[in-house]
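Student: To convert, note that position 121 of the sequence shown is 121 in UniProt numbering; the numbers rise steadily by one, no gaps. We put the beta carbon where it would ideally sit given N, CA and C, even for glycine. Input: one structure, supplied below.
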Amino acid sequence: MRPWCLLEIWHAHRCRRPVLLIPVESSGFSRKTAAHLVRNLETELDRCNPGALGMVREQIAHKGASLSNFKSTVLAALQLDVDEPPHPLMWAPHASDHQLKAMVFDLMNKLAEVSGRKIRWKGRVPLDGAADAIVKMERRVQNRVSSRVSATLRISSRLTSRRRRSRSEDMINDSKSSCESVVVDIPNEGAHGAGGNSTHQKWRCALQAERMIGYLAHEADRYSAMAQLGAGAESEPPEIFVSFHPEATATAQKLSVRLASQVDGPIFTDVFGGARVWEQGANHSSKPLDETAGIAEASPHADPDEVAELQQRLHLVKTAKNLIFLQTMEASRHPFLVLELYTAIIHGVPISPILVSRGGYNFMQSVSDFCRFDVVGAAAYPHAWPVALKVMELNRIKPKRLRWAVSGEIPSLISVTLRLGSDSLFAAACDDIIARVESAQASAASESYQSRSNAGFDWAVGIAGVKLVNKFSLPEDLHTDTAGEDTEGDDDGDSGGGKMESFIRVVIRLQAWQRGVSARGRIVRVPAVISMPITPTALDIFGVASGPYGEDARVC
């Protein structure tokens, strides 16, 4: 707490100058803590800054003010004695260009509001003579309404369930009528209108119509996805599959409505139907998680309907063009979401992780959750774990291979931060997400990205590497037990042949794999833990002794 900052705030408020409180992201600022420090200035100020209280008393004494008056003035200037506004100002110095511009936009608008001024921004659609833009928007509304509704009704007719079909048609018809009513309400006047108010009204109605387009697109995409669950492979695959925990349902829906007007295909944002699979177990919050307790608590039976629904969701992930993973507190713990991530990885579906602001996602904890997928899944969500086990059995997914793929891929992806502030900030974050999705799709077409689907090959190479290190580098009493690893059934196994033939074959594979890894700048990982540095002999075997990893490389 700097005394001169407090004195500046106090003096500005006395001179009737507006004071704006702008918290800096990741600075540790808290309105509650700040209010506590100001209210207890006599004890807290000298503790934080020795000698500062005497300086404050000396300065306010010249103005004939008391310390209690000083504290109440600072509280009123910063508005710390009132509830936090729904969309407070903020500043994130490491945000993207889009979001920095949105923060400046909000700041300037707030400054104009508190000072009683009006701002007219350059480069935005002018309100004077906006009839041409409104006419184009009217046509866009009508075209998108007719195309979206017709396509969705055709898909919904394929549903096998009468209940789903009738519900989807009713909802879509309601959305269509609502959107048509908005279009009808747009005034149809001349190019310049009857005056400024008429132009403002027309533009406002047009913006309402645009928002209704997003809502209609969201509803159409929802029931298109439902039709896909009922119709199978004949339906159009989703453009974006949004993988999220129910704790982020509101964010996912708001995001899908915004993205629906910027992408051509459907967006799948449905939550898994059964509420039971999202119930947390009694051993959920204990750390470390007890593996035996988690497995014992898990329900031994898997509902066939839930298994079928999860299978259908994984099929949609395979056919999606992009997967958006909303990172919240529980996102890395639920087995269904981890299975969706694994399916996207092995099928080469680009993954765009989105860090939800104030969502509680912990990157270090998520790595631990991915590495202990079976333990965490069984203990945290005992009702969902049997369903996940059954689906893994049907798809021949080995838990160790899943841990290897997800823990090696997801933490290496850079997340886009979704800040839930003002409308302009949210729109800027959506622009960043669209840019990431387009970039990920472009990267998916390149040759370097195709190796992400080689999870099985990387797994086999890693197992072979561990065996080599054990055989040639480690003392006899420090051998890592790899005899029980899941090498059976792998096409790249090294169990047959003589030792020399096996050695040559594995070294060739490791060198080829290392060259591909170096080209992508990724970290060398193998699916076992050796609690000591790799020796120079082992580094020579790997072919990376003089490579980018250096002699401090570790097998982890």
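Rounded to whole angstroms, what is the Cα-Cα separation between D477 and Q280?
Tutor: The sequence position of residue 477 within the sequence shown is 477, counting from 1. The sequence position of residue 280 within the sequence shown is 280, counting from 1. Legend: pLDDT at D477 = 39, less than 50; position of this residue unreliable, value from coordinates given subsequently. When rounded, the distance between both Cα atoms is 42 Å.
Student: Per DSSP, which residues does F241 bridge with? Please list them.
Tutor: Taking the first residue of the sequence shown as position 1, residue 241 is located at position 241. When beta bridges are read from the DSSP output, F241 appears opposite F268 and L323.
Student: According to the neighbour-count rule (16 or more other Cβ atoms, all chains shown, within 10 Å of its Cβ), is H62 buried or exposed?
Tutor: Residue numbering aside, residue 62 sits at position 62 when the sequence shown is read from its first letter. If you draw a 10 Å sphere on the C-beta of H62, you find fewer than 16 other C-beta atoms in it, and that means exposed.
Student: State the beta-bridge partners of V356 as determined by DSSP.
Tutor: The residue labelled residue 356 in the question sits at position 356 within the sequence shown. Beta-bridge pairing links V356 to L418.
Student: Determine which residues share a DSSP beta bridge with I351 and list them.
Tutor: Locating residue 351 in the sequence shown gives position 351, counting from the first residue. According to DSSP, I351 bridges with L323.
Student: Provide the residue span of the alpha helix (DSSP H) that contains Q280, from first to last.
Tutor: To locate residue 280, count along the sequence shown from 1; it is residue 280. No alpha helix (DSSP H) holds Q280; DSSP gives it neither H nor E.
Student: Can you look up V24 in the DSSP assignment and give me helix, strand or coil?
Tutor: Taking the sequence shown and counting its residues from 1, the one referred to as residue 24 is at position 24. Three-state result, V24: strand.
Student: Just verifying my parser: in three-state terms, what is the DSSP assignment at W91?
Tutor: Working through the sequence shown from its first residue, we reach residue 91 at position 91. It is a strand residue.
Student: If the criterion is Cβ atoms closer than 9 Å, does the pair A440 and H98 meet it?
Tutor: By one-based count along the sequence shown, residue 440 stands at place 440. By one-based count along the sequence shown, residue 98 stands at place 98. Cβ distance not < 9 Å, so A440 and H98 don't count as in contact.
Student: Tell whether a beta-carbon distance below 9 Å holds between V406 and I324.
Tutor: Taking the sequence shown and counting its residues from 1, one reaches residue 406 at position 406. Taking the sequence shown and counting its residues from 1, one reaches residue 324 at position 324. Taking 9 Å as the Cβ cut-off, V406 and I324 do not qualify as a contacting pair.
Student: Within 10 angstroms of its Cβ, does G51 collect 16 or more other Cβ (buried), or is it exposed?
Tutor: Within the sequence shown, the letter at position 51 stands for residue 51. With fewer than 16 Cβ atoms within 10 Å of its Cβ, G51 is classed as exposed.
Student: Taking just the CA atoms, how far does L413 sit from L337?
Tutor: Counted from its first residue, the sequence shown places residue 337 at position 337. Counted from its first residue, the sequence shown places residue 413 at position 413. Roughly 16 Å between the two C-alpha positions.
Student: Tell me which same chain residues have a C-beta within less than 6 Å of the C-beta of K390, skipping the five on either side of it?
Tutor: Reading the sequence shown from its first residue, position 390 is the one you call residue 390. The residues are A302 and V307.
Student: Using the Cβ count rule (16 or more neighbours within 10 Å means buried), how would you classify F29?
Tutor: For the purposes of this step, residue 29 is taken as residue 29 along the sequence shown, with counting starting at 1. F29 comes out exposed.
Student: In three-state terms, what does DSSP make of R411?
Tutor: Walking along the sequence shown from the start, residue 411 turns up at place 411. In the sequence as presented, Arg is not what sits at residue 411; that position holds Pro. Here P411 sits in helix by DSSP.
Student: Going straight from the alpha carbon of E247 to that of I240, what length do you get?
Tutor: Position 247 of the sequence shown, counted from the start, is the residue given in the question as residue 247. Position 240 of the sequence shown, counted from the start, is the residue given in the question as residue 240. Distance between the alpha carbons of E247 and I240 is about 20 Å.
Student: Determine the extent of the alpha helix (DSSP H) in which A12 is found, giving its start and end residues.
Tutor: Sequence index remark: in the sequence shown, residue 12 carries index 12 (1-based). Per DSSP, A12 belongs to the alpha helix (DSSP H) from P3 to R14.
Student: Hey, would you say W278 sits closer than 9 Å to Y361, going by beta carbons?
Tutor: Within the sequence shown, numbered from 1, the residue matching residue 278 stands at position 278. Within the sequence shown, numbered from 1, the residue matching residue 361 stands at position 361. Cβ atoms of W278 and Y361: not closer than 9 Å.
Student: Report the rounded CA-to-CA distance for K101 versus M90, giving the unit in angstroms.
Tutor: Your numbering for residue 101 matches position 101 in the sequence shown. Your numbering for residue 90 matches position 90 in the sequence shown. Approximately 12 Å, taken between the alpha carbons.
Student: Does the separation of the CB atoms of I346 and S415 fall below 9 Å?
Tutor: Translated into the one-based positions of the sequence shown, residue 346 becomes position 346. Translated into the one-based positions of the sequence shown, residue 415 becomes position 415. Between I346 and S415, the C-beta spacing is not below 9 Å.
Student: Using 9 Å as the threshold, is the C-beta distance between T319 and P237 below it?
Tutor: The count along the sequence shown starts at 1 and reaches residue 319 at position 319. The count along the sequence shown starts at 1 and reaches residue 237 at position 237. Yes, Cβ-Cβ distance for T319 and P237 is below 9 Å.
Student: Do you know how far the Cα of F363 is from the Cα of W404?
Tutor: Locating residue 404 in the sequence shown gives position 404, where the first residue counts as 1. Locating residue 363 in the sequence shown gives position 363, where the first residue counts as 1. Approximately 17 Å, taken between the alpha carbons.
Student: Is it the case that the Cβ atoms of T328 and G348 are separated by a distance below 9 Å?
Tutor: In the sequence shown, the residue the question calls residue 328 occupies position 328. In the sequence shown, the residue the question calls residue 348 occupies position 348. In this structure, G348 does not lie closer than 9 Å to T328 by Cβ.
Student: Let's see if you can read the secondary structure: which residues bound the alpha helix (DSSP H) around K32?
Tutor: As a working mapping, residue 32 is identified with position 32 in the sequence shown. Counting along the chain, the alpha helix (DSSP H) containing K32 begins and ends at R31 to R39.
Student: Go ahead and label N322 buried or exposed: buried means 16 or more other beta carbons lie within 10 angstroms of its beta carbon, across all protein chains shown.
Tutor: One-based indexing of the sequence shown puts residue 322 at position 322. So N322 ends up on the buried side.
Student: Below 8 Å, can you find three or more Cβ-Cβ pairs linking the stretch 418 to 434 to the stretch 367 to 375?
Tutor: Touching, no.
Student: Would you mind stating whether E340 and L314 have Cβ atoms separated by less than 9 Å?
Tutor: Stepping through the sequence shown from its first residue, residue 340 is reached at position 340. Stepping through the sequence shown from its first residue, residue 314 is reached at position 314. In this structure, L314 lies closer than 9 Å to E340 by Cβ.
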